[in-house]
Amino acid sequence: MFGGRRVRRGVVCPVPAWLAARVPGLRAGRRREASVPLRSDLPASFRAATRDRRGAGRVGGFPLVRGGDRVTRRTLRVGVLVLWASFFTYLWLSDAATRFIGPRTAWVVPFGAIVLVLTTVAQVFTKPQGDEQSAGGTEVLGMILLVTPMIALSAVPDAGLGSLAASRKTAGGGIAALTSILPPDDPNHEISFADIHWASESEEYAIAAGIAEGLEMRLEGFVSGSQEGAGRFTLTRFYIACCAADAVPYSVTIEPPEGLGEPGGYPEDTWLAVSGQLERSGAEYVLVPDSIEAIEAPKDPFLY
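For the sequence shown, the working numbering gives the first residue as 90, with consecutive numbering after it.
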């Protein structure tokens with residue numbers, strides 16, 4: 090329309106280029122089909138191109154306008170919201186969050202999923218004000234950094250804390266240790282890895298927890314290393330107070346009698362169920378097994 094033409098009675102007629110133009114009505118008349126300019130209703134990129142009557146912005150006498158396939162800042166924001174909302178929803182529905190956080194902070198996952206889904210829907214259906222700005226390199230880099238943690242967690246879905254992590258962490262430190270050092274109040278409390286560890290450190294704790302030589306018990310954990318002595322190895326579990334970042338390993342030494350267990354020892358990270366009696370060996374309690382059984386790793390490998 091800005092090229093200097095208009096529609097009247099179904100015939101394209103030449104008109105001065107500076108006159109206003111508009112879309113014709115249902116019926117064409119002798120009057121001008123334009124009463125107000127359309128320039129203000131056009132995208133900013135088109136208006137800028139039509140102002141450049143000469144120069145690099147025109148090809149063959151026509152304005153050169155970039156296509157509308159640019160990535161806008163709003164599109165990037167929506168994309169990041171969709172990814173995070175999908176990730177939190179997956180963690181919520183699949184119970185996979187137990188690999189990353191403990192029961193005390195598990196509420197964050199459903200809360201985050203609901204909030205992110207609602208925010209995404211609102212962002213999608215909210216009409217943008219004015220022309221949308223194209224996303225620059227800084228915005229793209231920022232959005233990539235926002236999704237990097239999610240990509241890292243999704244790229245190693247089966248990665249967990251095992252014997253290597255146990256060898257690099259020290260039992261008895263961190264939040265989990267502070268909450269475990271108090272003797273249990275429940276007389277029916279099931280003796281755990283942490284209880285045996287602290288019983289070896291403190292006789293008072295052993296008495297309060299009911300831990301003594303000859304106590305029958307069953308432990309399930311993964312092999313985290315062998316020690317000096319034929320067939321001797323350690324069984325380990327990680328305790329979590331808040332999230333996997335504060336996980337603390339607790340280990341119990343297993344001393345199989347001759348003829349029990351694998352002759353060459355168990356590979357590290359092998360999950361075992363060991364039943365037997367506690368015995369005192371020097372300064373620590375050890376478990377002398379009656380039976381050792383290989384088991385599958387539990388869905389939730391942590392203790393709380």
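Where is the CB? At the ideal position from N, CA and C, for every residue including glycine.
DSSP beta-bridge partners of residue i
{"i": "Thr161", "result": "Ser223"}
{"i": "Phe391", "result": "Phe327"}
{"i": "Glu368", "result": "Val375"}
{"i": "Arg307", "result": "Ser364"}
{"i": "Pro238", "result": "Answer is none; Pro238 lacks a bridge partner."}
{"i": "Pro338", "result": "Phe327"}
{"i": "Ile343", "result": "Phe322 and Leu376"}
Helix, strand or coil at residue i according to DSSP, with G and I counted as helix
{"i": "Leu170", "result": "helix"}
{"i": "Tyr355", "result": "coil"}
{"i": "Ser243", "result": "helix"}
{"i": "Phe322", "result": "strand"}
{"i": "Ile384", "result": "coil"}
{"i": "Gly314", "result": "strand"}
{"i": "Ile47", "result": "A question about residue 47 goes unanswered here, because the residues of the chain that appear run from 90 up to 393."}
{"i": "Ile190", "result": "strand"}
Beta carbon of residue i nearer than 8 Å to that of residue j
{"i": "Gly354", "j": "Gly320", "result": "yes"}
{"i": "Arg307", "j": "Ala362", "result": "yes"}
{"i": "Pro338", "j": "Phe327", "result": "yes"}
{"i": "Thr197", "j": "Thr178", "result": "It should be noted that the sequence gives Val, not Thr, for residue 197. Cβ distance not < 8 Å, so Val197 and Thr178 don't count as in contact."}
{"i": "Glu368", "j": "Glu302", "result": "yes"}
{"i": "Leu170", "j": "Thr208", "result": "yes"}
{"i": "Trp360", "j": "Ile384", "result": "yes"}
{"i": "Cys331", "j": "Thr194", "result": "yes"}
Among the options, nearest to residue i - alpha-carbon criterion
{"i": "Phe200", "options": "Arg188, Pro217, Leu180 and Ala211", "result": "Leu180"}
{"i": "Lys388", "options": "Arg166, Phe189, Val171 and Leu165", "result": "Phe189"}
{"i": "Val382", "options": "Tyr393, Ile280, Leu392 and Ser364", "result": "First, the amino acid is wrong: residue 382 is Glu here, not Val. Nearest C-alpha to Glu382: Ser364."}
{"i": "Val312", "options": "Glu305, Pro356, Phe282 and Ala336", "result": "Pro356"}
{"i": "Leu182", "options": "Pro346, Ile203 and Arg163", "result": "Ile203"}
{"i": "Asp358", "options": "Leu349, Phe176, Leu172 and Pro390", "result": "Pro390"}
{"i": "Glu351", "options": "Val341, Thr325, Pro378 and Arg369", "result": "Pro378"}
{"i": "Gly191", "options": "Ser291, Glu309 and Ala334", "result": "Ala334"}
{"i": "Leu172", "options": "Ser243, Ile285 and Ala336", "result": "Ser243"}
{"i": "Glu279", "options": "Glu292, Glu290 and Glu309", "result": "Glu309"}
Rounded distance between the beta-carbons of residue j and residue i, thought under 8 Å
{"i": "Gln212", "j": "Val167", "result": "5 Å"}
{"i": "Tyr393", "j": "Ile329", "result": "6 Å"}
{"i": "Leu165", "j": "Val229", "result": "7 Å"}
Below-8 Å beta-carbon distance, residue i vs any chain C residue
{"i": "Trp181", "result": "The chain inventory of the structure shown lacks chain C, comprising one protein chain alone."}
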